[in-house]
Amino acid sequence: MTNIKKIAVLGGGVAGMETSIQLNRLGYQVDLIEIEDKLGGHVRNWYKLFPDHKPADEFLEKLISNLSATDVQIKTSIQINAFLRKEKKLCLFDQACEFGVYDAVVVATGFDLFEAYRKEEYGFGIYKNVITSAGLETMFLGKTIKTSGGNVPKRVGLVHCVGSRDEKCGNLHCSKVCCITAVKQAITLRQMLPNTEVFCFYMDMRMFGPSYEELYREAQEKWAVRFIRGRISEAAQNADETILIKTEDTLTGRQLKMNVDLLVLMVGMLPSKGTTVIGKKTGLDFGMNRFLKVKDEHYHANETNQEGIFVAGSASAPMNISDTISHARAAATAVDHYLKTTDHERFSEKNNIRNLEKALHEK
Amino acid sequence: MENNNQKFIWREYQKEIADDHFFYVRSCIRQAFFPGSETFFLSFMRNQLGKDVFEDARHTTCTGIGFHGDVVPHETIMTVVARHFALMTEAGYRHVAISCVTSFGIYSEILETWKHFPEIEEKIHQKLILATGRDFNKPDTIAHTSDIIYKFRNEVAAKMKYPLINLNTGEPLKVVEHIGCHYSKMFPQYGVGGAEFPQVLAGMIKAWGGEVVDYPERRHCCGFGFRQYLVQANRGYSAANSKKKFDSMQSYEPDFILCNCPGCTMFMDKWQYTIAELEDTVYGKEGLGIPVLTYEELAGLVLGYDPWDLGLQMHQIPVETLLDKLGINYDPEKKFITQKGENIGTPLIPQHYNIGLKTAGTHSGCC
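First to last, the protein sequences are chains A and B. If you use our numbering, the first sequence corresponds to residues 2 to 364, in order. If you use our numbering, the second sequence corresponds to residues 28 to 394, in order.
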């Protein structure tokens, strides 16, 4: 047993759980460390998943069931706040105590949702009927979609790109999942409230995944969701607590002013506080979008600038669940390769890559 | 939840406002339209708070109206403002107190331009030296005078004689606050509370006992918009924008409107009369128009200054409804009599605003 390599996976969301499962299947001893008291991350708060409307709890149960079939050590309510290298080992500290010594660490600390109050012009946190996409999922879970006055909304507006692709917020990146989340939520709204009008206000529809474009078409053809190409410039509250919104329909070139009973802000993804803290403590590089920078976007998408420290899932960039699962599996493969190669082999590999790059450059 | 988030937003937009030793720059138009406002500011700062506020008679227009009207080039206005800074530097001051929101926007824009393009600042140094032989230091802080009254709002509250409470109902007065676009919409970080939920006037209203009305078109332009008004053919557009705001606030029955921009105060006040003449629409709960005040006038009123000493007789919308709600004693006979006892003339009374009939005797003169 003493020869079994030990790995710490930081973060108990989808990426962390899947990485742990795969590493354990490869024969490694894995500690899955989560800051909260439960595993599951953001998915715990979601109602259904795109594009197939799979219940989120069904997906999570499967993941947890797979995890339970392993001997991964699950350690919840643990905050790692210091890091030290001891020769080839990586020591993690929980408060002042040494928490564990590992051969490799996988950072799977994920994302935080954009704090919608920062888009001041939408009045989130000030106007009661302005909510976020996460808030709408909570309403879906409770099977009750009501306005602040307790009424069924007759008209709902969904605003895309809140905190994403927005220079004013300092976030130039696309969060990738908001467009398809809006399509999914719009359909769910129409399914649950057939007499409610649903409008989506978008910049571009980025339907990058399999079945996404088809779902977008279905939303229009089957569910009569109306898509308006234009950013909302301002939301204000009327005396009856409905929300007055102003925008421009850029396809018709007309200004638009309308009232909605509920305004839903499709909040984007930012690196989580945990990602930022762990990244700084372990000396990881950050990208322009403030997510963790990987060694190479194409060929080393799980490796970082620090030897023995890997990244899995949305700690490195916004991604959907399918991509997160793939990224987590790739992280396990990268860790496995790292632990099975000797220093000499790694040195040679580095040199080979460097020579190859040099040759390509000269060419 | 809502208040906490609102406070959070305000906290993100707190600016440094100097405590003392101000170089004061007046507005071009305020002395004509709201003649008591600047006088009150100087009196309050110097006599009640004991602050040092310096004025230089050589200070001129910033040329902001000409700049926004496309008749004054950018380099010219920068050189004019640089001269103001030179006067400030020569007098030994480092903090500018600006009475006009247009000027405040101009100063902010120029300082931001110089921050990002230092070569332009250098060029303006050379131009000013060439033209006047003067050179300048940039100010350490710039504040609009509403920022300064906001900073000292609690000092006003401590000496307050007439809080913003309706004497008849015991309820807080409902107040529409309207900041000038050039106060913080160009550079939110230069305004107290930013642009979306500005705190500068709201903070005064709350500190003095009133309640802020948040109505849907709160952020909309007052209707002035330099080219909308300066080009005569566009004035209908100007009035239409004001009408949009009045229509939006009407159902909230505000007791008065508080502004910090000369243009906004003027247009919110005067366009109500125009709309009444054009459309027979009169705003305000009593159908007598909604009084419009500057923040200095409001501070003066709550401190117990005589309304006519504050220049409130120069307003288009009579303020008597508001004075009555506040329980302020005033002499209607003295409304149009100067301190020297001269009659400045009674305005022709628009039929829609019949409150003036209490004092109107001759209907002579004209507003």
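From the three backbone atoms N, C-alpha and C, an ideal C-beta is built for every residue, glycine too.
Contact between the segment 342-356 of chain B and the segment 302-315 of chain B is present: three or more C-beta pairs spanning the two stretches fall below 8 Å. Taken in chain order, the members of the segment 236-256 of chain B whose beta-carbon sits within less than 8 Å of a beta-carbon on chain A are Asp241, Tyr242, Pro243, Glu244, Arg245 and Arg246. Distance from the Cα of Asn260(A) is smallest, within the candidate group Gly28(A), Glu198(A), Leu361(A) and Lys63(A), for Glu198(A). No Cβ of chain B is located within less than 7 Å of the beta carbon of Ala313(A). Between the C-alpha atoms of Thr292(B) and Leu320(B) there is a straight-line separation of about 7 Å. With a threshold of 7 Å between beta carbons, Glu358(A) makes no contact with chain B. With respect to Thr276(A), Ala316(A) sits close: the two C-beta atoms are nearer than 7 Å.
The DSSP-derived three-state label of Asp79(B) is coil. Residue pairing by DSSP puts Phe311(A) in a beta bridge opposite Val107(A) and Glu304(A).
Between Ala326(B) and Val183(B), the gap from beta carbon to beta carbon is short of 7 Å. Judged by beta-carbon spacing, Thr133(A) lies beyond the 7 Å limit of Leu263(A), meaning their Cβ atoms are not closer than that value.
Judged by DSSP secondary structure, Glu149(B) falls outside any beta strand (DSSP E) and instead within the alpha helix (DSSP H) spanning Pro145 to Thr159. Of all alpha-carbon atoms in Thr106(B), Asp174(B) and Ser135(B), the one lying nearest the alpha-carbon of Ala158(B) is that of Thr106(B). Residue pairing by DSSP places Glu238(B) opposite Lys201(B) in a beta bridge.
By the Cβ criterion, the segment 153-169 of chain A is in contact with the segment 117-137 of chain A, since at least three pairs of Cβ atoms, one from each stretch, lie closer than 8 Å. With the rule of 3 Cβ pairs closer than 8 Å, the segment 56-70 of chain A does not count as touching the segment 183-202 of chain A. It is roughly 23 Å from the alpha-carbon of Glu214(A) to the alpha-carbon of Gly164(A). A contact between stretches requires three or more CB pairs, one per stretch, nearer than 8 Å, and the segment 227-237 of chain A meets this requirement with the segment 248-256 of chain A. Spanning the alpha carbons of Lys223(A) and Leu257(A) requires a straight line of approximately 25 Å.
In this structure, the beta-carbon distance from Asp162(B) to Ile156(B) falls below 7 Å. Bounds of the beta strand (DSSP E) holding Cys201(A) are Glu198 to Tyr203. Taken through DSSP and simplified to helix, strand or coil, Glu116(A) comes out as coil. For Ala124(B), the three-state secondary structure derived from DSSP is strand.
Here Leu285(B) is not near Leu353(B), since their CB atoms are 7 Å or more apart. Under DSSP, Glu235(A) takes part in a beta bridge, and its partners are Lys247(A). At least one CB atom of chain A sits nearer than 7 Å to the CB of Ser278(B).
Taking the beta carbon of Ala240(A) as reference, the chain B residues within 9 Å of it are Tyr242, Pro243, Ser278 and Tyr279, listed in sequence order. The C-beta of Glu65(B) has 16 or more other C-beta atoms within 10 Å across all chains shown, which makes the residue buried. Non-local C-beta neighbours of Asp324(A) in its own chain, meaning closer than 7 Å and more than five positions away in sequence, are absent. Neighbours of Leu245(A) in chain B, taken as residues at a C-beta separation under 7 Å, are given in chain order as Pro243. DSSP lists Asp32(A) and Val106(A) as the beta-bridge partner residues of Ala9(A). By the CB criterion at 7 Å, Ala105(A) and Val336(A) fall inside the cutoff. Per DSSP, reduced to three states, the secondary structure at Val160(A) is strand. Spanning the alpha carbons of Ser273(A) and Ala318(A) requires a straight line of approximately 11 Å.
In this structure, Asn287(B) sits away from Gly221(B), with a CB-CB distance that is not shorter than 7 Å.
Residues are counted here when their Cβ sits less than 7 Å from a Cβ of chain B; for the segment 170-195 of chain A the count is zero.
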